[in-house]
Amino acid sequence: MDFALSDEQRMIADTAREFFAEQATSARTRAAMAGDGIDRSLWASFCGEMGFAGVFVPEHAGGVGLGMIEFACVAEAAGGQVAAIPLLGNAMGLAALLADGGEQSAGQIEALVAGSAIAAVATSDQLTVSGERLSGDAGLVAHGAIADLLLVIASSEAWLVRSSDAGVIITPHATIDQTRPLATVRFDEAVATPLGANAATAALSTGLLCLAAEALGGAQAALDRTVAFSLERRQFGRQIGSFQAYKHRLADRAIEIEQARSAVYWAACALDSESVEAEIALPAAKSFCADAFFRAAADMIQLHGGIGFTWEHDAHLFFKRARSIQTLLGSGDLHRERIAALVLDRAA
Amino acid sequence: MDFALSDEQRMIADTAREFFAEQATSARTRAAMAGDGIDRSLWASFCGEMGFAGVFVPEHAGGVGLGMIEFACVAEAAGGQVAAIPLLGNAMGLAALLADGGEQSAGQIEALVAGSAIAAVATSDQLTVSGERLSGDAGLVAHGAIADLLLVIASSEAWLVRSSDAGVIITPHATIDQTRPLATVRFDEAVATPLGANAATAALSTGLLCLAAEALGGAQAALDRTVAFSLERRQFGRQIGSFQAYKHRLADRAIEIEQARSAVYWAACALDSESVEAEIALPAAKSFCADAFFRAAADMIQLHGGIGFTWEHDAHLFFKRARSIQTLLGSGDLHRERIAALVLDRAA
Amino acid sequence: MKLGFSPEEEAFRAECADWLNVQMQGAFADIRGLPGLTEKPERRRDWERQLAAHRWSCIGWPERWGGRDASIVQQVIFAEEYARAGAPNRLNHVGVELAGPTILAFGTDEQKARYLPGIASGDAIWCQGFSEPNAGSDLAAVQMRAELRDGKWVMNGQKIWTSLAQFSDWIFVIARTEPGSVGRNGLSFLMVPIDQPGVTIRPIEQINGEAEFNETFFDDAVCDASDILGAPGDGWRVAMALLSFERGVSTLAQQMQFRNELDAVIAAARANGSASDPLIRQRIARAEIGLRLMRYGALRMLSNADRSAIDGAALTYKIQWASWRRDLGELAMDVLGQAGEVSDADGYHFPMLANLFLYSRADTIYGGTNQIQRNIIAERGLGLPREPRGAA
Amino acid sequence: MKLGFSPEEEAFRAECADWLNVQMQGAFADIRGLPGLTEKPERRRDWERQLAAHRWSCIGWPERWGGRDASIVQQVIFAEEYARAGAPNRLNHVGVELAGPTILAFGTDEQKARYLPGIASGDAIWCQGFSEPNAGSDLAAVQMRAELRDGKWVMNGQKIWTSLAQFSDWIFVIARTEPGSVGRNGLSFLMVPIDQPGVTIRPIEQINGEAEFNETFFDDAVCDASDILGAPGDGWRVAMALLSFERGVSTLAQQMQFRNELDAVIAAARANGSASDPLIRQRIARAEIGLRLMRYGALRMLSNADRSAIDGAALTYKIQWASWRRDLGELAMDVLGQAGEVSDADGYHFPMLANLFLYSRADTIYGGTNQIQRNIIAERGLGLPREPRGAA
């Protein structure tokens with residue numbers, strides 16, 4: 228039992244934070260937002276020099292060989308800069324392929340670790356399977372328009388589909404969160420490779436942890452920036468951070484962020500130790516962190532006053548990312564209902 | 228269209244407020260709490276000298292001949308002092324008897340207006356009717372242990388039962404809100420007089436308005452007393468009311484109380500004008516005002532600090548009354564669900 | 274206190290409705306139901322001139338100045354029927370509801386003659402220049418300077434959040450006319466023509482991709498020496514009076530828009546099945562209750578004969594509607610789910626409910642943040658001590 | 274960072290559990306699961322002496338003073354097993370968890386020898402005297418006076434909210450020992466025997482009808498000149514250090530109680546059918562999440578090697594649990610419905626959940642109100658400016 232980051236984990240977290248602070252600047256993110264929602268050069272460095280894409284991939288499979296705590300530290304840092312990268316699909320795709328463990332996965336794992344292929348994830352219960360072909364509406368897919376590989380999760384089964392396949396129809400949309408644009412994906416007898424039995428669960432668990440950690444990073448950054456602003460900005464002849472209503476509101480955010488941090492580490496530990504607690508820790512972490520982020524980002528706008536709702540200021544990037552994290556992989560209500568089912572409905 | 232109190236209505240409100248402020252003192256209320264939950268002398272004055280029990284009873288039936296606005300003003304004043312009186316049962320009983328309009332009602336109306344009989348209300352769907360006899364569990368009844376007459380409402384029908392009847396079994400309980408103690412009422416072939424078709428609806432409408440108005444008065448009083456305390460009490464070398472967190476919290480209560488006031492007047496007007504709006508105004512007023520009162524009373528405790536949770540201070544009287552208003556005649560969730568059904572489920 | 278309207282009032286309602294419906298189903302059908310304020314400004318101007326031509330542009334004003342001396346109830350009725358007919362939001366809201374009443378209250382006869390006819394006729398659109406980048410909600414921190422030179426006020430400085438400046442002919446500003454003055458003293462209320470070289474307007478793009486607000490720069494901008502309301506140094510008092518007109522009957526027209534927004538949420542919930550989700554049902558019920566209570570709160574505020582008294586309904590109105598609309602935006606997105614986050618428009622433009630979700634974050638900020646509103650409620654409504662000012 | 278325990282830790286857990294279960298199913302079965310702190314004080318004393326006799330009374334203390342030099346993880350394990358076995362809340366919580374560690378940190382060897390053995394053995398129960406009627410949460414406003422006279426500190430004044438004073442042998446107080454001093458200066462930390470004519474205790478009845486707190490009056494009460502921790506005038510510093518011990522491993526034992534309370538709510542919901550209400554289900558899920566996050570927050574706080582650093586988990590812990598428990602009380606009542614509002618006890622005594630609903634209103638007040646906690650988090654955690662003090 229030990230619930231502090233190790234020195235090595237702290238170092239990884241610091242490195243990731245510095246990397247994103249330096250590279251994922253507002254200007255670069257905004258350029259990606261105006262384009263297809265990915266900062267390709269950032270993603271190349273992330274996968275290449277930094278090797279972050281393979282953080283939880285075993286060394287024999289070409290990765291760094293660490294665990295979910297370290298992955299969470301990286302995702303937290305990415306969230307702190309609202310980085311425009313396809314991290315969610317990458318991590319979920321890798322988790323699915325690692326769980327599958329088949330021979331055909333090795334090459335794809337390598338491509339995802341290296342960043343030479345981009346993965347995105349569709350979850351849908353509207354699909355029909357016939358042979359190894361999928362048809363139907365796969366719903367809205369984050370970074371779907373730039374993906375090379377589509378991980379498809381339906382009814383706890385997982386398939387892999389190449390987006391270049393003739394049976395894949397992808398329609399991009401203007402999306403509120405431009406750092407993670409959504410595209411509608413439809414299949415018309417698309418060729419699909421089925422993955423092993425645990426692939427869907429592994430991908431979803433990793434995805435929930437990824438979103439929770441990103442939300443934690445985003446919430447902390449929104450708070451930090453608002454605190455900094457409140458110490459600079461004066462109104463009524465005072466630093467606005469000296470007003471108690473302002474202080475208490477930020478204190479409430481800080482309380483939630485501390486809880487969010489406990490949630491992310493708990494969920495990551497539970498995955499690393501393959502504990503049954505994961506079945507409650509993951510929905511808890513995802514729903515709690517997403518809401519904490521949303522409130523922190525909403526307060527970031529509110530407490531910046533007029534400048535806070537302009538396009539020019541970064542507050543809206545956090546706010547929109549927080550909203551997209553709330554809906555991705557299921558709403559807070561849905562995840563809380565899952566927890567309620569575990570707590571209330573199992574035999575007494 | 229006019230949405231201000233008339234001079235006459237204002238005068239009634241002022242008179243009622245002065246009456247309760249003078250008579251329903253903390254000492255007298257606490258004496259009633261230690262007994263059976265009624266200040267009999269207060270109730271006698273309320274019905275007698277003041278004539279308040281008959282405020283909405285037509286003159287030909289021995290009342291004052293005014294309407295629901297005036298009744299709401301009186302109930303609001305009673306709530307402002309957490310008066311230990313059986314107002315709810317009295318008003319509901321009178322509304323039912325007036326709606327019934329039968330010959331046999333006249334004497335009972337007279338008794339309730341005069342205060343020579345006390346009414347309490349049971350609502351239950353656990354009763355069986357056989358001939359004109361009721362059997363079964365009538366649930367928890369406010370002021371049930373001191374009632375002479377029981378108005379029984381089940382599945383939109385209404386009956387009158389004398390509590391002295393051999394088939395009536397009443398068990399009083401220690402109750403969180405000692406100003407409105409609950410008793411379990413059971414019937415074993417109790418003789419019941421059926422009332423006319425509109426009696427149940429009239430009684431329930433009047434009951435919801437009564438509770439909403441009491442809650443409004445209670446919330447306003449809780450706020451006023453907390454404001455007064457915050458101007459007297461000093462901490463950290465300042466009036467505690469000068470702390471912005473304190474100010475904003477009280478401002479939030481003031482905002483809700485203004486909405487609660489609109490809700491009570493809206494509901495009263497809707498009843499007076501027999502508008503269909505009543506079907507949404509009454510559940511809206513009851514649920515909104517009860518919650519506003521609960522928060523005002525909870526803040527009264529919180530913002531008084533240590534003294535606020537002592538028995539000696541009156542804050543707990545407000546808090547407990549607020550809680551009992553939340554549950555009486557159905558929870559807030561229930562009333563909001565009724566509104567949702569009206570808004571969402573009727574044909575588009 | 275009563276709900277419902279008298280036969281005379283119902284007759285007036287029918288008159289309003291008839292005229293408005295003829296317009297909106299005839300010559301102005303092309304702008305019926307037009308949302309926001311930025312589309313089709315020329316047609317909006319035509320429409321506002323048409324209102325004026327039939328004496329419907331400022332019915333609460335005295336007849337002498339183009340109004341109808343309409344009672345509060347009549348104004349309520351007109352506002353409701355205006356919204357019901359689908360008539361578009363008024364470009365000249367600021368002129369009719371804020372500048373006009375303030376000029377009526379503080380202007381000389383000459384000033385009334387100079388400004389009011391243009392407002393009444395729809396020829397002069399007005400906008401408001403109070404906020405500054407370093408002042409925000411704090412009017413006493415205004416820095417824009419004005420000095421009297423050769424019979425003209427010469428102005429230098431910057432205003433921000435001037436909505437609709439790009440369509441306006443006049444802007445009223447608070448400027449510091451006593452050099453070296455601080456706080457509430459030394460401010461004046463000036464009325465300035467916008468179409469001059471000294472005034473530059475720069476739109477501010479918002480969170481939702483639209484640009485309703487502007488920065489307005491004054492570089493040796495001028496107005497006549499007589500374009501001042503009240504005496505030099507009276508600016509604070511005039512500005513406070515003006516702000517008190519903000520809670521007029523137009524709030525009821527605004528509520529008709531809120532009603533449309535809530536109805537759109539309800540329709541979306543019914544369409545996608547979330548209407549059967551008990552959690553959504555509770556929130557829709559709360560929204561419904563909140564909107565109804567706003568209506569009766571506004572009616573209480575308008576029925577209050579003694580408008581000078583501290584009126585709880587009026588003090589709490591801004592934060593009520595702003596918070597309600599912010600919550601409605603969040604509810605709308607939860608009803609829509611992920612599908613609410615996408616649009617098939619070119620560029621960054623979203624349908625009504627998603628746009629509401631984004632734009633409503635501004636509602637709790639402009640015109641006094643929720644925090645400022647709570648200060649005002651606590652200090653003016655509850656009598657709690659004022660916030661101490663720091664050293665400037 | 275890891276969940277789970279090592280084999281050595283599991284062995285220690287088994288040792289704790291075995292011993293505790295033997296006690297609680299044997300000689301002390303009569304006080305197993307006893308709630309609160311006020312019932313059966315004599316049997317509680319017996320139990321705490323039994324703990325001491327087997328060196329379980331203060332395992333985190335040095336062996337020299339009756340402890341086991343137990344690691345944090347061992348303390349966590351013991352606290353969990355203690356609660357799991359149904360062992361009752363400790364009368365001498367304040368002595369073992371607050372007074373002891375503070376004496377270990379600030380006491381001379383003579384002082385350690387004078388006070389620690391009594392605490393370790395269970396013979397000396399301690400309580401805390403910080404709050405005063407006119408000081409509340411503001412320790413710097415303490416007015417109680419103490420002066421040195423003939424080798425004794427002579428004290429006059431009043432303390433309030435002294436929990437369990439009625440069962441205690443010693444009270445530590447903050448008193449003003451420099452006449453005329455103000456604020457944090459001139460305060461001293463004194464340790465005072467309670468059984469003397471100068472000390473009077475009056476119970477304070479609370480909202481739930483019980484009386485866990487007291488007023489304590491000092492009228493020429495005395496203690497020895499040496500019954501002072503730190504130097505005269507050092508009281509503020511000693512008190513602050515003491516308060517930092519409040520967030521020790523005993524928080525985990527407290528969480529086992531919270532677990533029982535939440536389980537009771539879950540059981541009630543299952544029993545009366547409200548477990549099928551989606552609104553209740555969401556709130557129970559939130560409560561479950563909140564409790565789990567409290568656990569991992571406490572473990573983060575305890576795992577933080579550098580206890581002197583500003584630690585977000587520690588700073589936010591009090592308001593987290595107090596708010597959680599207040600919300601749980603409201604949830605419990607909504608689960609129970611009207612049936613939760615009655616009791617068949619004589620007098621004003623309510624079952625566990627209703628009592629929780631009432632008593633939890635105190636949780637957000639004592640030990641620093643939620644408002645004070647937010648000040649501390651904003652100022653010490655976020656570095657925002659301190660609240661200005663008014664003129665005293």
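Chains as they are written, first to last, in our numbering: chain S, 228 to 575; chain A, 228 to 575; chain B, 274 to 665; chain Z, 274 to 665.
Note that CB positions come from ideal geometry on N, CA and C, so glycine has one too.
> Do you know how far the Cα of E282(B) is from the Cα of Q347(B)?
Replying inline: Taking the third sequence and counting its residues from 1, one reaches residue 347(B) at position 74. Taking the third sequence and counting its residues from 1, one reaches residue 282(B) at position 9. Computed Cα separation, rounded: 7 Å.
> Can you find at least 3 beta carbon pairs, one from the stretch 439 to 447 of chain A and one from the stretch 427 to 442 of chain Z, that sit closer than 8 Å?
Replying inline: no
>> I'd like to know if the stretch 546 to 563 of chain B and the stretch 551 to 569 of chain A are in contact, where contact means that at least 3 CB-CB pairs between them fall below 8 Å.
In response: yes
> Mind pulling the alpha helix (DSSP H) runs of 4 or more residues that sit fully within the stretch 274 to 362 of chain A?
Replying inline: 295 to 307, 314 to 327, 332 to 341
> Mapping DSSP to helix, strand and coil, what is R413(S)?
Replying inline: Stepping through the first sequence from its first residue, residue 413(S) is reached at position 186. Strand at R413(S).
>> Contact criterion: CB-CB distance below 8 Å. Does S581(Z) meet it with respect to chain A?
In response: Reading the fourth sequence from its first residue, position 308 is the one you call residue 581(Z). Model confidence at S581(Z) stands at a pLDDT of 48, short of 50, so the residue's coordinates are unreliable and nothing is read from them.
> Does any CB atom of chain S fall closer than 8 Å to the CB of W509(B)?
Replying inline: Locating residue 509(B) in the third sequence gives position 236, where the first residue counts as 1. For W509(B), the answer is no, since every Cβ of chain S falls outside 8 Å of its Cβ.
> Of all the alpha helix (DSSP H) runs that stay within the bounds of the stretch 493 to 565 of chain A, which reach a length of 4 or more residues?
Replying inline: 505 to 531, 542 to 554
> In chain order, what residues of the same chain lie with their CB nearer than 6 Å to the CB of R316(Z), ignoring the 5 residues before and after it?
Replying inline: By 1-based counting over the fourth sequence, the position of residue 316(Z) is 43. The answer, listed in chain order, is I304.
>> Is there a C-beta anywhere in chain A that falls below 8 Å from the one on K275(B)?
In response: Translated into the one-based positions of the third sequence, residue 275(B) becomes position 2. It does; some Cβ of chain A falls within 8 Å.
> Using DSSP with H/G/I as helix, E/B as strand and the rest coil, what is T420(S)?
Replying inline: By one-based count along the first sequence, residue 420(S) stands at place 193. Here T420(S) sits in strand by DSSP.
> Between the beta-carbon of E297(A) and the beta-carbon of V284(A), is there less than 8 Å?
Replying inline: Position 70 of the second sequence, counted from the start, is the residue given in the question as residue 297(A). Position 57 of the second sequence, counted from the start, is the residue given in the question as residue 284(A). No.
> With a cut-off of 8 Å, does the C-beta of G468(A) fall near any C-beta of chain B?
Replying inline: Sequence index remark: in the second sequence, residue 468(A) carries index 241 (1-based). Output row for G468(A): interface = yes.
>> Just to confirm the assignment, what range does the alpha helix (DSSP H) spanning N294(B) have?
In response: Along the third sequence, one-based indexing puts residue 294(B) at 21. That run of the alpha helix (DSSP H) goes 280 to 298.
> For A627(Z), which option in F462(Z), G482(Z), Q431(Z) has the closest C-alpha, if you only look at C-alpha atoms?
Replying inline: Counted from its first residue, the fourth sequence places residue 627(Z) at position 354. For A627(Z), the nearest C-alpha among the options comes from G482(Z).
> Which one or two residues does DSSP pair with S616(B) in a beta bridge?
Replying inline: Taking the first residue of the third sequence as position 1, residue 616(B) is located at position 343. Paired residue(s): A401(S).
>> So A318(S) and C496(S) are supposed to be a Cβ contact under 8 Å. How far apart are they, rounded?
In response: Translated into the one-based positions of the first sequence, residue 318(S) becomes position 91. Translated into the one-based positions of the first sequence, residue 496(S) becomes position 269. Wrong, their Cβ atoms sit about 17 Å apart, outside the cutoff.
> If we count the other Cβ atoms within 10 Å of its Cβ and call it buried at 16 or more, is G557(A) buried or exposed?
Replying inline: The residue labelled residue 557(A) in the question sits at position 330 within the second sequence. With 16 or more Cβ atoms within 10 Å of its Cβ, G557(A) is classed as buried.
> What are the start and end residues of the alpha helix (DSSP H) that includes P308(Z)?
Replying inline: Here residue 308(Z) refers to the residue found at position 35 when the fourth sequence is read from its first residue. No alpha helix (DSSP H) contains P308(Z), which DSSP labels as neither H nor E.
> So which of G535(A), L555(A), E330(A) has the shortest CA-CA distance to A510(A)?
Replying inline: For the purposes of this step, residue 510(A) is taken as the residue at position 283 of the second sequence. According to the sequence provided, residue 510(A) is Pro. The question's Ala does not apply to it. Minimum Cα distance to P510(A) is reached at L555(A).
> Are the beta-carbon atoms of I345(S) and I373(S) separated by less than 8 Å?
Replying inline: Along the first sequence, one-based indexing puts residue 345(S) at 118. Along the first sequence, one-based indexing puts residue 373(S) at 146. Yes, the Cβ-Cβ distance between I345(S) and I373(S) is below 8 Å.
> Which of helix, strand or coil does DSSP assign to M625(Z)?
Replying inline: Reading the fourth sequence from its first residue, position 352 is the one you call residue 625(Z). In this structure, M625(Z) counts as helix in the three-state DSSP scheme.
>> I need the straight-line Cα distance from M260(A) to A442(A), nearest angstrom please.
In response: Against the second sequence, residue 260(A) aligns to sequence position 33. Against the second sequence, residue 442(A) aligns to sequence position 215. For M260(A) and A442(A), the distance between alpha carbons rounds to 19 Å.
> Taking the alpha-carbon positions, what's the R565(Z) to D241(A) distance?
Replying inline: Within the fourth sequence, the letter at position 292 stands for residue 565(Z). Within the second sequence, the letter at position 14 stands for residue 241(A). Spanning the two alpha carbons is a distance of roughly 52 Å.
> Shortest alpha-carbon distance to R328(B) belongs to which of R318(B), R341(B), W320(B), G306(B)?
Replying inline: The residue given as residue 328(B) occupies position 55 in the third sequence. For R328(B), the nearest C-alpha among the options comes from R341(B).
> Hey, L690(Z) and T589(Z): beta-carbon distance below 8 Å or not?
Replying inline: Because chain Z spans 274 through 665 in this model, residue 690(Z) falls outside it and cannot be assessed.
>> Quick check on T256(S): does DSSP put it in helix, strand or coil?
In response: In the first sequence, counting from the first residue as 1, residue 256(S) sits at position 29. DSSP places T256(S) in helix when its eight states are reduced to three.
> Which value, in whole angstroms, describes the spacing of the CA atoms of G277(B) and V418(A)?
Replying inline: As a working mapping, residue 277(B) is identified with position 4 in the third sequence. As a working mapping, residue 418(A) is identified with position 191 in the second sequence. Computed Cα separation, rounded: 44 Å.
> chain S partners of A548(Z), CB-CB under 7 Å?
Replying inline: Sequence index remark: in the fourth sequence, residue 548(Z) carries index 275 (1-based). Going along chain S in sequence order, the residues near A548(Z) (Cβ under 7 Å) are L571.
>> Taking beta-carbon pairs under 9 Å, can you tell me which members of the stretch 550 to 582 of chain B lie near chain E?
In response: Structure shown: chain E not included; protein chains present are S, A, B and Z.
> Whose C-alpha, out of E303(A), I552(A), H543(A), is nearest the C-alpha of L631(Z)?
Replying inline: Locating residue 631(Z) in the fourth sequence gives position 358, where the first residue counts as 1. Closest by alpha carbon: H543(A).
> Would M238(A) be called buried (16 or more neighbouring beta carbons within 10 Å of its own) or exposed?
Replying inline: Locating residue 238(A) in the second sequence gives position 11, where the first residue counts as 1. The residue is exposed, with fewer than 16 neighbouring Cβ atoms inside 10 Å.
>> Is the separation between the beta-carbon of G307(S) and that of R244(S) shorter than 8 Å?
In response: Translated into positions along the first sequence, residue 307(S) becomes position 80. Translated into positions along the first sequence, residue 244(S) becomes position 17. Going by C-beta atoms, G307(S) is nearer than 8 Å to R244(S).
> How long is the line joining the alpha carbons of G640(Z) and S410(Z), rounded to whole angstroms?
Replying inline: Along the fourth sequence, one-based indexing puts residue 640(Z) at 367. Along the fourth sequence, one-based indexing puts residue 410(Z) at 137. Between G640(Z) and S410(Z), the C-alpha separation is close to 8 Å.
> Which bits of chain S does H540(A) rub up against, with CB to CB less than 9 Å?
Replying inline: Here residue 540(A) corresponds to residue number 313 of the second sequence, with the count starting at 1. By Cβ distance, chain S contributes nothing, its closest Cβ being about 25 Å from H540(A), past 9 Å.
> Is F515(S) close to chain Z, meaning its C-beta is less than 8 Å from at least one C-beta of that chain?
Replying inline: In the first sequence, residue 515(S) corresponds to position 288, counting from 1. Closer than 8 Å: yes.
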